[in-house]
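Protein chains in written order, with this note's numbering: chain A, 1103 to 1390; chain B, 1253 to 1501. A short worksheet on the structure shown next.
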Amino acid sequence: MLDSLVTPFVEFEFMRRALVGVVAIAIGGGPVGVFLMLRRMSLTGDAMAHAILPGAAIGYLIAGLSLPAMTIGGLAAGVIVAILSGLVARFTSLKEDASLAAFYLLSLALGVTIVSLRGSNVDLLHVLFGTVLALDDAALLLIAGIATVTLLALAIVYRPLVLECVDPTFLRSVSRAGTPTHLVFLGLVVLNLVGGFQALGTLLSVGMMMLPAAAARFWSAEITVMIIWATLIGIVSGVAGLLLSFHAELPAGPAIILTAGGIYLVSLVVGPEGGLLWLIRPRRHLEA
Amino acid sequence: MDETAAIRFDDLTLGYGRRPAVHHLTGAIATGSLIAVVGPNGAGKSTLLKGIVGTLQPLAGRIERARGLGDRLAYLPQAADLDRSFPLAVYDLVAMGLWSRSGLFGGIGRRERHRIEEAIAAVGLSGFERRTISTLSGGQMQRALFARLLLQDAGIILLDEPFTAIDAKTTADLLDLVRRWHDEARTVVAVLHDLDVVKRVFPQALLIAREPVAWGETGKVLDAANLLKARRMIEAHDPHADSCGRTAA
Chain A
1103 MLDSLVTPFV
1113 EFEFMRRALV
1123 GVVAIAIGGG
1133 PVGVFLMLRR
1143 MSLTGDAMAH
1153 AILPGAAIGY
1163 LIAGLSLPAM
1173 TIGGLAAGVI
1183 VAILSGLVAR
1193 FTSLKEDASL
1203 AAFYLLSLAL
1213 GVTIVSLRGS
1223 NVDLLHVLFG
1233 TVLALDDAAL
1243 LLIAGIATVT
1253 LLALAIVYRP
1263 LVLECVDPTF
1273 LRSVSRAGTP
1283 THLVFLGLVV
1293 LNLVGGFQAL
1303 GTLLSVGMMM
1313 LPAAAARFWS
1323 AEITVMIIWA
1333 TLIGIVSGVA
1343 GLLLSFHAEL
1353 PAGPAIILTA
1363 GGIYLVSLVV
1373 GPEGGLLWLI
1383 RPRRHLEA
Chain B
1253 MDETAAIRFD
1263 DLTLGYGRRP
1273 AVHHLTGAIA
1283 TGSLIAVVGP
1293 NGAGKSTLLK
1303 GIVGTLQPLA
1313 GRIERARGLG
1323 DRLAYLPQAA
1333 DLDRSFPLAV
1343 YDLVAMGLWS
1353 RSGLFGGIGR
1363 RERHRIEEAI
1373 AAVGLSGFER
1383 RTISTLSGGQ
1393 MQRALFARLL
1403 LQDAGIILLD
1413 EPFTAIDAKT
1423 TADLLDLVRR
1433 WHDEARTVVA
1443 VLHDLDVVKR
1453 VFPQALLIAR
1463 EPVAWGETGK
1473 VLDAANLLKA
1483 RRMIEAHDPH
1493 ADSCGRTAA
């Protein structure tokens, strides 16, 4: 039993690389996902993940499956869509969710078209669903670097970020940190999506942010503990997903996200903070 | 600007779009005064506070705030602005009051922890420290926000309808804190609807109905004639108003 958990990583280098990759993605994506969820921006994350596609695709069109080109293209596209949809929401009557939906549908169609212009269906699959089992040194460094930057940046903006979620009016009355904090946070979202994109592709990278965060909501009622839960759930999903894909010969990216999804479903049912089970069988109320 | 004014309005007009919500207000709030802002709904009371805080820029005229010691400002907006579902403990909500001292990184040491506990005790919430804010009742939430105000240790304190939908006991407890601030020579400006509370606790009042109606000693400001005048002025709203051509007196 233990053997089947360890052997794949001992014997195969690509499994070890994938392991490092998913752990780094979970460490960066966990906290970012929790804040996305608490700011009611879960769908924003999804939309921005799609928005990265045409940028990465243009990079691919120019330089093939090249890490720097696709990363820069993805970053640029993510930032552009974040800003544009913010502007549309602010200056027109369209609400932000609708404008994001419009942008991401456009981006997805555009991205797929651009990739097909040059590449094969295999390349398209790589871009859409990632290549977690083929991470080279450069990709690993990028992912680990993004996780590091994320943790450092969150440590710096943690207080204003929490404050901006809970009580933006209060933050505005004591500090001007609100807007820069929001921009730093959006930047982190884009960065982590680009990092996740290398391993899991544009369609699934947001899964390593949102599913652990959504699951963590059912395990704790305090944000710090929730972030720890989300990170751990992300790591466990990554490792378990890799093993699942190895033994059952499933595609690795979807296996990881399916595992995270499974943990989410279990949390939804048995989680002590508002899980469904406690609706059906309420615990006895306290004396006071 | 003379030394005794904490806040001074100079022909101030505040509004949304081009429509004024506070129209041509001139006057000063003396340092250390305890003043109630009263008026019908839509009279521009909350708008005035937003103007003082600086979240709303004047359409015309100026607001000046005293600079120097004790000029820090604390603002309690109407409760609706706060995300009650956010997973945050009462203790952490109150601790935010230390922002102006600790800022982004400043540590919360033993002295700060002691002050936080004191503030929580002062509003009668001891024992609630680890409860999340979503579990608080309306009154308990308001107590927690007052504890945060205590920690802000500000020279100017702005309260926007702090006692709306709050029971008599809680209101009385929180009014004690307001009196304490007044005794400590802080400037307190509160938007209120309960005229009995205003008459009992607040020595000064400003009655507005978009334009200032009366300003001064509470007893004189809140007489029947003024209140009637204020109501009439709000009812006389003109949807086809022309550009205002009034200039400063």
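Just so you know, even glycine gets a beta-carbon here, dropped at the ideal spot from N, CA and C.
Would you call C1496(B) buried or exposed, if buried means 16 or more other Cβ atoms sit within 10 Å of its Cβ? exposed
For the 8 Å Cβ check, are there 3 or more pairs between the segment 1330-1345 of chain B and the segment 1277-1295 of chain B? no
In this structure, what does DSSP give as the bridge partners for L1177(A)? Per DSSP, none; premise fails for L1177(A).
Rounded C-beta distance between L1290(A) and G1232(A)? I'm assuming under 8 Å. Not a contact, Cβ separation roughly 20 Å.
Once the 5 residues before and after A1482(B) are set aside, which same chain residues still bring their CB inside 8 Å of it? G1291, P1292, A1295, L1459, I1460, A1461 and V1465
Less than 8 Å between the C-beta atoms of R1400(B) and G1349(B), yes or no? In this structure, R1400(B) sits near G1349(B), with a CB-CB distance shorter than 8 Å.
Using a beta-carbon distance below 8 Å, is L1334(B) in contact with chain A? By this cut-off, L1334(B) is an interface position.
Which of helix, strand or coil does DSSP assign to I1206(B)? Limits of chain B in this structure are 1253 at one end and 1501 at the other, which puts residue 1206(B) out of reach.
Step through the CB atoms of chain A and report whether any lies within less than 8 Å of the CB of H1389(B). Before going on, a small fix: residue 1389(B) reads as Ser here, not His. Not closer than 8 Å to any Cβ of chain A, the Cβ of S1389(B) fails to qualify, so no.
Cβ of Y1327(B) less than 8 Å from any chain A Cβ? yes
If I measure Cβ to Cβ from L1273(A) and keep anything under 8 Å in the same chain, skipping five residues before and after, which residues do I get? P1262, L1265, E1266, A1279 and G1280
Using 8 Å as the limit for Cβ to Cβ distance, is M1253(B) near chain A? Residue confidence for M1253(B) is low, a pLDDT of 45 falling below 50, so the modelled location carries little weight and cannot support an answer.
Quick one: what's Y1327(B) bridged to in DSSP? L1410(B)
Alpha carbon to alpha carbon, how far is P1272(B) from D1494(B)? Give it in angstroms, no decimals. 12 Å
With C-beta atoms as the reference, is T1416(B) less than 8 Å away from H1445(B)? Contact flag set, yes.
Can you tell me whether A1179(A) is buried or exposed, with buried defined as 16 or more other CB within 10 angstroms of its CB? In the assembly as shown, A1179(A) is a buried residue. Its beta-carbon has 16 or more other beta-carbons within 10 Å.
Which of helix, strand or coil DSSP assigns to D1269(A): coil
Just mark R1319(A) as buried or exposed, buried being the case when its beta carbon has 16 or more other beta carbons within 10 Å. Per the 10 Å Cβ criterion, buried.
Rounded to whole angstroms, what's the CA-CA distance from L1344(A) to I1358(A)? Just pull it up for me. 6 Å
Could you tell me whether the segment 1212-1220 of chain A touches the segment 1143-1156 of chain A, using the rule of 3 or more Cβ pairs below 8 Å? yes
What residue range is occupied by the uninterrupted alpha helix (DSSP H) comprising A1317(A)? G1309 to A1318
Looking only at its own chain, which residues have a Cβ that is under 8 Å from the Cβ of L1311(B), when we skip the five neighbours before and after it? T1265, L1266, G1267, R1270 and P1272
With a threshold of 8 Å between beta-carbons, can S1378(B) be considered close to chain A, or not? So, not an interface residue.
When the cut-off is 8 Å and only beta carbons count, does A1323(A) lie next to chain B? Interface criterion met: the Cβ of A1323(A) is under 8 Å from a Cβ in chain B.
Quick check: what's the CA-CA separation for G1471(B) versus G1379(B)? Between G1471(B) and G1379(B), the C-alpha separation is close to 41 Å.
Taking only the alpha-carbon atoms, compute the straight-line gap between F1261(B) and A1437(B) and give it to the nearest angstrom. Answer to the nearest angstrom: the Cα atoms are 21 Å apart.
Who are the neighbours of T1307(B) on chain A, taking C-beta pairs under 9 Å? Residues of chain A passing the Cβ test: T1271, R1274 and S1275.
DSSP puts G1188(A) in a beta bridge; with which residues? In the DSSP assignment, G1188(A) is bridged to no other residue.
Helix, strand or coil at R1365(B) [DSSP, three-state]: helix
Distance cutoff 8 Å, beta carbons only. Does S1352(B) sit that close to anything in chain A? yes
By a C-beta neighbour count over all protein chains shown, 10 Å radius and 16 as the cutoff for buried, is V1106(A) buried or exposed? Note on identity: in this sequence residue 1106(A) is Ser, with Val being the wrong assignment. Exposed.
When the Cα of G1391(B) is compared with those of A1457(B), P1414(B), L1403(B) and D1405(B), which residue comes out closest? Closest in alpha carbon position to G1391(B), among A1457(B), P1414(B), L1403(B) and D1405(B), is P1414(B).
Using only the alpha-carbon positions, how far apart do M1383(A) and E1364(B) sit? The identity of residue 1383(A) in the sequence shown is Arg, whereas the question assumes Met. Their Cα atoms are separated by approximately 42 Å.
I want to verify the contact list: residues of chain B whose CB lies under 7 Å from the CB of L1265(A), in sequence order. M1348
Suppose the cutoff is 7 Å on Cβ atoms and the five residues either side in sequence are ignored; what does the same chain contact list for L1397(B) look like? L1328
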